[in-house]
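Take 21 as the starting number for the sequence shown in our numbering and just add one per residue. Remarks on the structure that follows.
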Amino acid sequence: MRRSCQDVGFANAGEPVLDLKVPITITDECADEVIVSTGLLDLASGEILRVTYKDYDVATQGVPVDHPDYEFTSGVLSSQGKEVEFGIQVNKTTGQYSVSPHELPEIKTRAAALFAADSGKA
Numbered sequence: 021m022r023r024s025c026q027d028v029g030f031a032n033a034g035e036p037v038l039d040l041k042v043p044i045t046i047t048d049e050c051a052d053e054v055i056v057s058t059g060l061l062d063l064a065s066g067e068i069l070r071v072t073y074k075d076y077d078v079a080t081q082g083v084p085v086d087h088p089d090y091e092f093t094s095g096v097l098s099s100q101g102k103e104v105e106f107g108i109q110v111n112k113t114t115g116q117y118s119v120s121p122h123e124l125p126e127i128k129t130r131a132a133a134l135f136a137a138d139s140g141k142a
């Protein structure tokens with residue numbers, strides 16, 4: 021069986037693929053309720069993976085975006101007491117969370133500055 025560069029973790033011959041997923045806090049805002057969850061933001065694609073709700077049962081209550089009083093969703097990436105806040109899009113059909121392609125470069129820049137400041141303290 022022949023394997024491609026992507027199969028072994030390289031984008032192009034000799035260039036490693038960077039798999040950078042960072043933990044975030046997600047807040048779904050409804051008129052009378054704030055639903056908090058955690059997830060992993062893939063800084064390469066903007067997808068948000070492994071969403072886990074705190075004190076909220078999706079099986080019985082449905083996804084927050086389906087609530088009649090749903091308003092918006094935001095995310096926070098934090099490190100050493102500093103935060104980067106950003107908007108999150110929610111696909112109403114699938115319930116999938118993601119960051120818009122337009123906002124992702126700004127989040128990457130701000131996250132890099134946040135992590136650089138943290139590494140400078142060490």
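Yeah, the Cβ is synthetic: ideal placement off N, Cα and C, and Gly gets one too.
Exposure of residue i, with buried meaning 16 or more beta-carbon neighbours within 10 Å
i    : result
V110 : buried
F106 : buried
L40  : exposed
A132 : exposed
D52  : exposed
D48  : buried
Under the three-state DSSP convention, the category residue i falls into
i    : result
P43  : strand
D89  : coil
L63  : coil
E49  : strand
T113 : coil
H122 : coil
T129 : helix
L97  : strand
F135 : helix
Where the beta strand (DSSP E) through residue i begins and ends
i    : result
V110 : 102–110
V78  : Unbroken run through V78 is the alpha helix (DSSP H), 78–81; no beta strand (DSSP E).
V71  : 68–73
Heavy atom of the ligand COA within 8 Å of residue i beta-carbon
i   : result
I46 : The ligand COA is not part of the structure shown, which contains no ligands of any sort.
Cβ separation of residue i and residue j, assumed to be a contact under 8 Å, to the nearest whole Å
i    : j    : result
L60  : K128 : About 15 Å; that fails the 8 Å criterion.
P84  : I44  : Not confirmed; about 16 Å, so no contact.
V104 : L134 : 6 Å
Y73  : S57  : 4 Å
is_contact[residue i, chain C] using C-beta, thresh 9 Å
i   : result
D52 : Protein chain content of the structure displayed is limited to a single chain, and chain C is not contained in it.
Inset, instruction - Determine, using beta-carbon pairs with one atom in the stretch 64–74 and one in the stretch 118–125, whether at least three such pairs fall under 8 Å. - result: With contact defined as three or more Cβ pairs closer than 8 Å, the stretch 64–74 and the stretch 118–125 are in contact.
Inset, instruction - Count the CB pairs spanning the stretch 81–89 and the stretch 122–129 that are closer than 8 Å, and state whether there are at least three. - result: The stretch 81–89 vs the stretch 122–129: no contact.
Legend entry - Three-pair Cβ contact test at 8 Å for the stretch 78–87 versus the stretch 98–105: Between the stretch 78–87 and the stretch 98–105, the count of Cβ pairs shorter than 8 Å is below three; the stretches do not touch.
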